[in-house]
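Numbering-wise (the working numbering), the sequence shown opens with residue 283 and increments by one. Have a look at the structure below, then the notes.
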Amino acid sequence: MNSLPFGDLPPFQPRRFLPTTSWNVGDWTQVAPFFERLDAHIAQFASTAALEEWLLDWSELTAAISEEWARRHIAMTSHTDDTQAKGVYLDFIEQVLPQVQRRQFQLTKLFRSHPLRSALPKRVYEVNDRDAEASVALFRE
283 MNSLPFGDLP PFQPRRFLPT TSWNVGDWTQ VAPFFERLDA HIAQFASTAA
333 LEEWLLDWSE LTAAISEEWA RRHIAMTSHT DDTQAKGVYL DFIEQVLPQV
383 QRRQFQLTKL FRSHPLRSAL PKRVYEVNDR DAEASVALFR E
């Protein structure tokens, strides 16, 4: 989206799970396979290190989606007279985010039920665990 005052910004950290080349985070058909990969891989883990890598991959995907939402929101609110910016934002809110929320919920449930979750360092994952519990308790379709 060219209506942003800061153009394309590089990721905060180099990506390891998501493509480094251009892909459209605003297109659910391009985002869904990453959720499917995360969904498929969690059951195979036999070590806490693998589970932690999975959490990092999930975090990277979540960060990319959040960044896309923020970019579209900034463009829409910075250019209130731009109907295209509004349309692109609303499309993301209506078409992508509901799918993301459902898939995030599924991943949270998988994480909560994983047998190695309790073996993760409590000091590091205490807040994450608490957040997962609250997310599952509060989620509604």
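Using N, Cα and C, we set each Cβ at its ideal position, and we do this for glycine too.
Boundaries of the alpha helix (DSSP H) around Trp351: Thr330 to Ser360.
Annotated as proximal: Trp310 and Val378, with beta-carbon spacing under 7 Å. Taking C-beta separations shorter than 6 Å and ignoring five residues to either side along the sequence, Glu334 has no partners in its chain. In this structure, the beta-carbon distance from Trp336 to Ile324 falls below 7 Å. Counting along the chain, the unbroken alpha helix (DSSP H) around His323 starts and ends at Trp310 to His323.
Excluding its 5 nearest sequence neighbours in each direction, His355 has C-beta neighbours in its own chain below 7 Å: Tyr371, listed in chain order.
Taking each of Gln295, Val406, Glu415 and Lys404 in turn and checking the Cα distance to Leu392, the smallest one comes out for Glu415. By a beta-carbon distance limit of 8 Å, Thr344 does not contact Leu402. Their separation comes to about 18 Å.
In the displayed model, Asn306 falls within coil according to three-state DSSP, outside both helix and strand.
Counting other Cβ atoms within 10 Å of its Cβ, Glu350 reaches 16 or more and is therefore classed as buried. Cα atoms of Val418 and Asn410: separation of roughly 12 Å, rounded to the nearest angstrom.
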